[in-house]
Each structure stands twice: as C-alpha cells, then as structure tokens.
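Residue numbers (our numbering): 16 to 766.
Glycine included, every Cβ here is placed at the ideal spot set by N, Cα and C.
Okay, structure first, notes after.
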Amino acid sequence: MKKITAIVCCIAIFTCSLAQTKSTEKIIYKDAKATIDQRIGDLLKRMTIEEKAGQLNQLNGGLFTGPAANDAGQKTKMQQVRDGKVGSFLNVLGAKETKAVQKIAVEESRLGIPILFGFDVIHGYRTIFPIPLAEACSWDLKQAEINSSIAAKEASSAGINWTFAPMCDITNDPRWGRIMEGIGEDPYYGSLLSAARVKGLQGNLNDVEHILACVKHFAAYGAVEAGREYNQVDVSRVQLWNKYLPPYKAAVDAGAATVMNSFNVFEGVPASGNKYLVTDILLNKWKFKGFVVSDWASFGEQINHGYAADRKDAALKAIQAGSMMDMESKVIIDYLPQLVKEGKISVAQVDKAVARILYYKFKLGLFDDPYKFSNEERESKTLFTEANRNEAKKAARSSIVLLKNNNNVLPLTSSSKKVALIGYYAKSKDDMFDFWIGNGTADNAITIYDGLKNKLGESAISYAQGYNADATTNEKLINDAVQSANNADVVLVNIGISGKMAGEDRALANPVIPEGQVQLLKALQKTGKPIVAIVTAGRPLILTQINDLVSSIAYCWILGTETGNAIADVVTGAYNPSAKTVVSFPYAVGQIPVYYNHFNTNRPTPTDDFGNWYSRYRDIPNDPLYPFGFGLSYTTYKYSDLRLSSNTISKTDKLNVKITVSNTGKVDGEEVVQLYIRDITASIVRPVKELKAFQKIFLKAGETKELSFTLTGKDLSFYDADGNIKLEAGAFRIFVGSNSRDVLEQNFTLK
Ligand code: BGC
C-alpha cells in the first residue's frame, strides 16, 4: 500500500512538473519578438494537414452578423472557421462584420490563426474613383497611386486587408466587359501604371492604412477570343513575353503580395494548373515571394476545361503547378489531406504554400493585433470624406478625353448662356456605375445633371430625356429634346451605354452607340445648334456613326462619385482636358482588334496609294477612328526640332532625344509628350511603334519647353520566346508626338 502511495505520489509530482513546463513553454508563433520566419516555422510544426489545407481555403463570405448569421450556410462557415478550415474570406465587409468573424478564428479555433479578408476594391471602396481604364487615360502615375492609396485606406478601415487589384491584363478588345478594369493596350505604360497602383494599395504594409494587392489575371486573360468573358486564349510565347507579361512583372517587382491565376488556358493548359506560368515564370524566373490565389473556382473549373478528371485531380494539378490558395472551389479543403496521405503531394510542398500565406498574416500584424483593421470608429471617420471626394474629383477630371472639338464649341463661353442637357443617363444614378462599385452607392454620386446645375445654376439648364433607360427612343422624346435644343445656345447630349454593362460577364458583340441615340443626334443636328456629345461607357465605343453629327466629343467613361462635378469643370473650362486614350477607338466592329502596336505585315498599306493587294479592308480604313495616345486640349501644341544625340550608338551607350514643345494657344494646359521606337529589323518581328517614354508637362499659354528623354539598351530590347532579353544591332526609328499617329521621326543605328 505504501509502495502504491509512493508511486502515485511520484506520478503526481512528475505530471505536475510536466504541466509546469508546458505552461511556461514559449509559444514562439505567438511571440511578437520572434522573427516572422521563426514564428512561421513554429506554427507549421503545430498544424495538422487539415489545418494547413484550411489556410489554403478561401470562401465567399456575406453577412455573419445580424439575422443573416442564423442562416444554415453561414453557421456552417463559422463552424469551419472554428475548425481551422478557412484561411480567408472574400466579400465579408465592414469593421463590425469582419471583427465578428475574426473573433471566432482567433478565439475559438485551436491555433487562433487570423483570417485574411479580401474584396474587389477596383476603383474605390466607398468614395468611387474613375474606372481603372479611365484613370489610365490621365497618364498621371502620382494621381493613380493616390487613388489606390485612398481606396486602401477606406477599405482597410472597414476590415479589409486584401484586394483583388490591380488588373494588369493588356487587351485590344472593347467587346470584353473587363477592358474597364485594366490598363489599356500598351505594355510599357501598363507596367508603370500597374506598379503605381500596387504602391498605392500596399505602401510598405507596416501601417493600418494599406492592404495586400493582387496582380491579376495571370496570365494573358485580356486576350480572350472575341472579347467573350471566360473564353479561351491562344497567344504565342513571343506575344506572351513581349505584350502580356510585362505589366504583371512590373507589379510583382513593385512588391505585390499576391497574384491571381486567370480563368483561361495558356497553350491548352488552364492557368491554375499551368506549371509554365506559375512555377517556371512567376516563382522561378521572377522569384515572386508572395502567394498565388486562384480566380473564383478556377481550380475546380479545370474539369470543365477538360484538363482535370475530377475535383481531386483538380486539387492535385493546381498544387503541382505551384498555385496555392483556392478561392471558392473547395477542392483543396476537400482533397489536399488525402493527396498528402497518398504521397501525391509532399508536406514540404504544402508547407511552402502555407508559409507564404502565414507570412502576410504576420506581416500585417494580424497575429499580434487581429482586430487592427476592424475599428468602427476609424471606419466612420475614414469613409467618404471631403478630402477623399476631392481627390476623386481631381482624378475624374483628368480622365476625360476630349476627342473632338470643332470650332472650339467647348469650353462653354459666356455667350452660351442657355444650355440644353439631353439624355436619360445624365440624371440616372442607377446607370452611373459598373459592376465593381466596391462598397459604394449611387445615392451619393453626382450625376451630370447635378454637376452642371451646381456649376451653372438650375435656370441655365433645360433638360430633356431624349431616350429611355434601354437607350431606345420615340417621337415624343425626340421632339422634346429638339424643343430644348431650339431654345438653347449649346446642346450637351449624354450618350453611351449604362454603367451596368461594364465589368465581369458584360461582353458585348456590338460595342456601338445605341441606335436610339443615333436617331436622337440626327434630329438634334438639324437644329443647327452646336452639339457636344458627352459619352459615358466602360469601354471605347465605336463612334463612327455619330462622329460627324456632333461638334465635340468628351469621352467620360465611368468617372465615379464625382462624375457630374468633374464633367462640369471640363465643359465650363474650369479644367482644361489633358487625358489621352490608352485604347484605340475602333472604326467598326469588324476592325477589332485594332491597336497601335501592331506588326507591319508583308503588305503594309501605302499611305499615298490605296491600290490592290495590300493588307487592308475594302470597306473601311485600317486605322482606328481615334488612335492610342490621342486626346485634345483647349489649347494647341506644336512639336518641333526632334534631335538625337547621335545617329549611331553602341549597345552600352545612352541615346538622348530632344524635342521642343510649344503651347500655341490661348490657355495654359498639360500635354502628354509621347516617345515611341521601332526596331526596324529584328530576329523576331517587332511592332511598327512601341511606346518607350512619356512626360506629362504643364505649359503656360505661349510657353515653349525643350524636353529631353534618355534611352538605354533596355528600351531597345525585346524578349524571345523563352523570355530571354535580346538587344540586337540594326536600324531603329524614334518618334515623338502628341499621340501614336501624329509624330516627328528620325532614324538611328544600334551597332
Ligand atoms: C473575377 C476576379 C475577382 C474574383 C473575386 C472573379 O470572378 O474574375 O477578378 O477578383 O471574381 O470577386
């Protein structure tokens, strides 16, 4: 008995001291003083394979508080959070909501790993900025960075710490609804802009006002055939490297934390399962250190593509390719543990992916302060402030492209006292916004009507609807509009298509001005009054049918919260337009894709002879209606005296290019001076023009400036099909001008 008592005593002492060691043991991953690497290493050791799969699982959220929280689906998701099976949510919004979910993750799951909250903050969170395509037309990288940083600041105050932006897809197709979300048709400018957007969103990620960026859609999603959403892509490696990859790379080099797989195939393999894209290029060649997320269900949709046999195979193929987080197809959470147990995927491979996600959770400070982004007080102070709206207005004004301005009808002068404003959309908040409105609302947006009223006073404007919500018209609407026009000095007509037709799943086979609006303009033209078309749309519409019916065209895209105020500033001349289009405006649908940086072909059309057997259309010109880089101002600029520092340079030399630009008009203005090159003969055919530099300058009326550009070998090189940089001796041409068509040019030789 004594012996038993002694043994029990011993066990008790032993257990007690064991418990003591346990309670004093340092949990490294919870120790803010340990390095991120140490913390990740420690945490990985503690995680089960199911919990690791959880970190790779991103679910669509929705409302977790209020009555919606009782929904069975939401309850299941919350249980999954408790079980450590969710690494991230998308579409859970607001400080209160995100905090409620974070609390479950941090306080009720075994390891307390915080959640990443992602959301598509595409052009603003609550204060809505111009669509990215419009913003691109400003050629103002600083403003673009500011716009993104405000979007980040607002989103971060609402609990969001990750956005699925910027979209870095080059596209030549206005049929594609997502052209609105991008950077236009030029890889050089698109690269600079993508990097600026990443910087604006992320800052250095050390404060509470910036969020993770996501470079999407990797890769070449902008090349979807016929502009149809989710369609296939078939581009060569040469095109991939030279045309499509540069903007993604620039964004990665700018430090983007995440990259999103695209939906399309590349060389017949879905991007999510494409080892060449994800591992060979992104992870190995570019040394991307962040994590890769699928596009919505794109892991699972490899089955529809005909690449994965079933959901398990889809999970295997995605992970084998190097992809990491699964957005909404749930194949990783369902099959990864099994695939590891079967030895098809190694634990080391899983750890690599999980470590990258954990890294950003540590980097954002979520382990130490999980609710830092979910602060209701900060949220209410940060959203939709006067300062944010001011920046949105500046951004909107500088995005408006003046395409035509015969007889200087714009800006309105003191003699145009009575203004007819015509167009259903000019008063319709409902049609002002696209699909990617963030957490904004049309209620507080300024319509064109409101903007003009603010600026000119209500009595100066006579409004007529002109057409219906669906852009059809009828005799009465036309007669009313004509009557308004007859009583006015100048007629402003808001034409275009509803913002609702811009964004994902908004492909259009006919991106044209609707027939009802063409009829309306024809009737208005007969009044003999000067007519200004204010075109609103998320894409470059084909303007050929209306081009000659109007004196002026202000292309206003989708400008966001401050639309009306910005447009009023432009039409009244309070702001002198300076934007230049970053996409060509096609002459006809059949011309698509049309873009400035095309190849010369074997039979280029001579400009002085429109003869036979050339690469041309029989019914329309080859050139777009308005070329890349084009945009007018209320003043005029003269370019002269293009000078090169030498006619021959070596591969290590720098070439200096000088140009003189004068403001020859009567008002001050800003001009985007553009420099293009052509590599005339190369081992791989190069485009007829490639943008390589630009400067946005301010010139007072009558002022002249001499500008200087420096080009190096890097600017004259290109990629081969394997992504190697080639710099080849031979003849080159330099062009400088105010758009891709109207240029001065000179040749030089690279030895
Ligand atoms: C889009 C992505 C977007 C994601 C999440 C997808 O359908 O293609 O661009 O980020 O949904 O909303």
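Checklist entry - Who pairs with Gln73 in a beta bridge, going by DSSP? => result Numbered from its first residue, the sequence shown carries residue 73 at position 58. In DSSP, Gln73 forms a bridge with Ser103, Met342.
Checklist entry - Can you tell me the Cα-Cα spacing of Ala49 and Ala166, whole angstroms? => result Mapped onto the sequence shown, residue 49 falls at position 34. Mapped onto the sequence shown, residue 166 falls at position 151. If you take the alpha carbons of Ala49 and Ala166, they lie about 32 Å apart.
Checklist entry - With distances taken from CA atoms, which of Lys214, Ala149, Ile194, Val223 is nearest Ala170? => result Taking the sequence shown and counting its residues from 1, one reaches residue 170 at position 155. Comparing Cα positions, the closest option is Val223.
Item to check | Residue from Leu706, Asn754, Ile137, Asp366 with nearest C-alpha to Cys229 | outcome: As a first step, residue 229 must be located in the sequence shown, where it is residue number 214. The shortest Cα separation from Cys229 among Leu706, Asn754, Ile137, Asp366 belongs to Ile137.
Item to check | Beta-carbon proximity check, Thr679 vs Thr719, cutoff 7 Å | outcome: The residue labelled residue 679 in the question sits at position 664 within the sequence shown. The residue labelled residue 719 in the question sits at position 704 within the sequence shown. Against a cut-off of 7 Å, the Cβ pair of Thr719 and Thr679 comes out as no contact.
Next on the checklist: At a threshold of 6 Å, does Trp451 count as lining the ligand BGC (C-beta to nearest heavy atom)?
Outcome noted: Here residue 451 refers to the residue found at position 436 of the sequence shown. Flag unset: Cβ of Trp451 not near the ligand BGC.
Checklist entry - If you compare alpha carbons, which of Val101, Ala115, Phe179, Ala110 is closest to Gly139? => result Here residue 139 corresponds to residue number 124 of the sequence shown, with the count starting at 1. When each option's Cα is compared against that of Gly139, the closest is Phe179.
Next on the checklist: Would you say the beta carbon of Phe179 is closer than 6 Å to some non-hydrogen atom of the ligand BGC?
Outcome noted: In the sequence shown, residue 179 corresponds to position 164, counting from 1. True, at least one ligand heavy atom lies under 6 Å from that Cβ.
Item to check | Which of helix, strand or coil DSSP assigns to Lys470 | outcome: Working through the sequence shown from its first residue, we reach residue 470 at position 455. The answer is helix: DSSP assigns Lys470 an H, G or I state.
Item to check | Environment of Arg633 [buried if 16+ CB atoms lie within 10 Å] | outcome: Position 618 of the sequence shown, counted from the start, is the residue given in the question as residue 633. By the 10 Å Cβ count, Arg633 comes out exposed.
Checklist entry - What's the call for Lys302, buried or exposed, on a 16-neighbour Cβ count within 10 Å? => result Position 287 of the sequence shown, counted from the start, is the residue given in the question as residue 302. The residue is exposed, with fewer than 16 neighbouring Cβ atoms inside 10 Å.
Checklist entry - For Arg212, does the count of other Cβ atoms within 10 angstroms reach 16, so buried, or fall short, so exposed? => result The residue you call residue 212 lines up with position 197 of the sequence shown. Flag for Arg212 reads buried.
Next on the checklist: Using a 10 Å radius around the Cβ and a threshold of 16 neighbouring Cβ atoms, would you call Gly321 buried or exposed?
Outcome noted: The residue labelled residue 321 in the question sits at position 306 within the sequence shown. Classification for Gly321: exposed.
Checklist entry - Hey, is the stretch 589-608 in contact with the stretch 476-487, meaning 3+ C-beta pairs nearer than 8 Å? => result no
Item to check | Enclosing beta strand (DSSP E) for Leu788 [first to last residue] | outcome: Outside the displayed range of the chain (16 to 766) lies residue 788, so it cannot be described from this structure.
Checklist entry - Is any heavy atom of the ligand BGC found at a distance shorter than 6 Å from the C-beta of Asp135? => result The sequence position of residue 135 within the sequence shown is 120, counting from 1. Answer for Asp135: yes, Cβ within range of the ligand BGC.
Item to check | 8 Å Cβ shell around Phe79 - same chain, five flanking residues per side excluded | outcome: Counting from one through the sequence shown, the residue named residue 79 turns up at place 64. These residues qualify, in order along the chain: Gln89, Lys92, Met93, Val107, Glu112, Ala115, Val116.
Next on the checklist: Here's the rule I'm using: 16 or more other beta-carbon atoms within 10 Å means buried, otherwise exposed. How should Gln70 be labelled?
Outcome noted: Within the sequence shown, residue 70 is the residue found at index 55, counting from 1. Flag for Gln70 reads buried.
Checklist entry - Quick one: Cα of Gly728 to Cα of Thr667, how far? => result Against the sequence shown, residue 728 aligns to sequence position 713. Against the sequence shown, residue 667 aligns to sequence position 652. Between the C-alpha atoms of Gly728 and Thr667 there is a straight-line separation of about 6 Å.
Checklist entry - Quick one: what does DSSP say Cys25 is sitting in, helix, strand or coil? => result Within the sequence shown, the letter at position 10 stands for residue 25. With a pLDDT of only 42 at Cys25, under 50, the local geometry of the prediction cannot be trusted, and no value is derived from it.
Checklist entry - Who pairs with Gly511 in a beta bridge, going by DSSP? => result Translated into positions along the sequence shown, residue 511 becomes position 496. DSSP lists Thr551 as the beta-bridge partner residues of Gly511.
Item to check | Pairwise C-alpha distance: Gln560 and Asn459 | outcome: Here residue 459 refers to the residue found at position 444 of the sequence shown. Here residue 560 refers to the residue found at position 545 of the sequence shown. Looking at the backbone, the Cα of Asn459 and that of Gln560 are separated by about 34 Å.
Next on the checklist: My assumption, with CB atoms under 8 Å, is that Met342 sits in contact with Gln710. Please give the rounded CB distance.
Outcome noted: Counting from one through the sequence shown, the residue named residue 342 turns up at place 327. Counting from one through the sequence shown, the residue named residue 710 turns up at place 695. About 40 Å separates the two Cβ atoms, so there is no contact after all.
Checklist entry - Which term fits Pro621, buried or exposed, when burial requires 16 or more other beta carbons within 10 angstroms of its beta carbon? => result As a first step, residue 621 must be located in the sequence shown, where it is residue number 606. When all chains shown are included, Pro621 counts as exposed.
Checklist entry - Using the C-alpha atoms, what's the distance from Tyr478 back to Val439? => result Residue mapping note: residue 439 aligns to position 424 of the sequence shown, counting from 1. Residue mapping note: residue 478 aligns to position 463 of the sequence shown, counting from 1. The identity of residue 439 in the sequence shown is Tyr, whereas the question assumes Val. Cα-Cα distance, rounded: 9 Å.
Checklist entry - Under the criterion of a Cβ to heavy atom distance below 6 Å, does Trp311 qualify as lining the ligand BGC? => result In the sequence shown, residue 311 corresponds to position 296, counting from 1. Yes, the ligand BGC has a heavy atom inside 6 Å of this Cβ.
Item to check | Span separating the alpha-carbon of Asp383 from that of Lys376 | outcome: Counting from one through the sequence shown, the residue named residue 383 turns up at place 368. Counting from one through the sequence shown, the residue named residue 376 turns up at place 361. Near 10 Å, if we compare the C-alpha coordinates of Lys376 and Asp383.
Next on the checklist: I need the straight-line Cα distance from Val250 to Glu150, nearest angstrom please.
Outcome noted: As a first step, residue 250 is located in the sequence shown; it is residue number 235 there, counting from the start. As a first step, residue 150 is located in the sequence shown; it is residue number 135 there, counting from the start. Each residue's alpha carbon lies about 27 Å from the other.
Checklist entry - Using the beta-carbon count (16 or more within 10 Å), is Val565 buried or exposed? => result Locating residue 565 in the sequence shown gives position 550, counting from the first residue. Buried, by the Cβ-count rule.
Item to check | Trp177 (DSSP reduced to helix, strand or coil) | outcome: On the sequence shown, position 162 is the one that residue 177 refers to. In the structure shown, Trp177 sits in a strand (DSSP, three-state: E or B).
Checklist entry - What is the DSSP secondary structure of Thr675, counted as helix, strand or coil? => result Walking along the sequence shown from the start, residue 675 turns up at place 660. Strand at Thr675.
Checklist entry - Nearest to Leu558 by alpha carbon, out of Lys544, Pro545, Leu536? => result The residue given as residue 558 occupies position 543 in the sequence shown. Closest option to Leu558, Cα to Cα, is Leu536.
Checklist entry - Straight-line CA distance for Gly453 to Glu392? => result Counted from its first residue, the sequence shown places residue 453 at position 438. Counted from its first residue, the sequence shown places residue 392 at position 377. Their Cα atoms are separated by approximately 20 Å.
Checklist entry - So who's on the other strand from Arg658, going by DSSP bridges? => result Residue mapping note: residue 658 aligns to position 643 of the sequence shown, counting from 1. For Arg658, which the question treats as bridged, DSSP gives the partners Lys673.
Item to check | Backbone secondary structure at Asp366 - three-state DSSP | outcome: Along the sequence shown, read from residue 1 onward, the residue named residue 366 stands at position 351. If DSSP states are grouped into helix, strand and coil, Asp366 belongs with the helices.
Checklist entry - How long is the line joining the alpha carbons of Arg748 and Leu647, rounded to whole angstroms? => result Position 733 of the sequence shown, counting from 1, holds the residue named residue 748. Position 632 of the sequence shown, counting from 1, holds the residue named residue 647. Cα-Cα distance, rounded: 25 Å.
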